[in-house]
Amino acid sequence: VIGAAFGKIITSLVSDMIMPPIGLLLGKLDFSNLYINLSGQPYASLSAAKAAGASTINYGIFINTVIDFIIVVFVIFLLIQQVNKLRRQPEVSSAVPTTKECPYCLSVIPIKAVRCPHCTSELKTL
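Residue numbering for the sequence shown is 5 to 130, as defined by this note's numbering.
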């Protein structure tokens, strides 16, 4: 039920809010009336062609549907991304360290080293 309501909201958003400004920018073009007439007879609009029973390819409605789909996918992507951030727990590092810092030259060396390979200083063993 919520999904259907959300779909109606997205359809209205695309049809009533997004496509009119795009159509205005493209010279007052109404995407929902874009079609290819397959019958060969001229019709003033898509609704007139449908009323006459003419075969049409309604690519304008398809463009609106694709934009609906892109918006829904984007919203779902954002929702899943936020859920994954909430579910991700910080990693607790419980591993034993394998390196240490040489007190003389500050180089990183193995934890069991008795002599620094960089400055050759003798190190105190633990």
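Think of the CB as a built atom: it goes at the ideal place given N, C-alpha and C, for glycine as much as any other residue.
* Please check the pair Thr27 and Asp34, which I expect to be a contact at CB under 8 Å, by giving their CB distance rounded to whole angstroms. => As a working note, residue 27 is residue 23 in the sequence shown. As a working note, residue 34 is residue 30 in the sequence shown. For the sequence presented, residue 27 should be read as Gly rather than Thr. Distance from Gly27 to Asp34 at the Cβ level is roughly 6 Å; contact confirmed, criterion being Cβ atoms closer than 8 Å.
* Opening and closing residue of the beta strand (DSSP E) in which Ile113 lies -> Translated into positions along the sequence shown, residue 113 becomes position 109. Ile113 -> beta strand (DSSP E) spans 112 to 114.
* From which residue to which residue does the alpha helix (DSSP H) around Lys54 run? -> Against the sequence shown, residue 54 aligns to sequence position 50. It spans 50 to 55 - the alpha helix (DSSP H) in which Lys54 sits, taken as one unbroken run.
* Asked: Could you check where the alpha helix (DSSP H) with Lys89 kicks off and where it finishes?
  -> For the purposes of this step, residue 89 is identified with residue 85 of the sequence shown, where counting begins at 1. Lys89 -> alpha helix (DSSP H) spans 63 to 91.
* Identify, in the order they occur along the chain, each residue of the same chain with its Cβ nearer than 6 Å to the Cβ of Lys89, setting aside the five sequence neighbours on each side. => Within the sequence shown, numbered from 1, the residue matching residue 89 stands at position 85. Once the five neighbours on either side are set aside, Lys89 has no close Cβ partner at all.
* **Beta carbon of Ile115 nearer than 9 Å to that of Pro94** => By 1-based counting over the sequence shown, the position of residue 115 is 111. By 1-based counting over the sequence shown, the position of residue 94 is 90. Against a cut-off of 9 Å, the Cβ pair of Pro94 and Ile115 comes out as no contact.
* **Beta-carbon proximity check, Leu50 vs Leu42, cutoff 9 Å** => Counted from its first residue, the sequence shown places residue 50 at position 46. Counted from its first residue, the sequence shown places residue 42 at position 38. Going by C-beta atoms, Leu50 is not nearer than 9 Å to Leu42.
* **Bridge partner(s) assigned by DSSP for Glu95** => For the purposes of this step, residue 95 is identified with residue 91 of the sequence shown, where counting begins at 1. According to DSSP, which records beta bridges pairwise, Glu95 is partnered with nothing at all.
* **For Ile71 and Val18, believed in contact at Cβ under 8 Å, the rounded distance** => One-based indexing of the sequence shown puts residue 18 at position 14. One-based indexing of the sequence shown puts residue 71 at position 67. Right, the Cβ-Cβ distance comes to about 5 Å (below 8 Å), so this counts as a contact.
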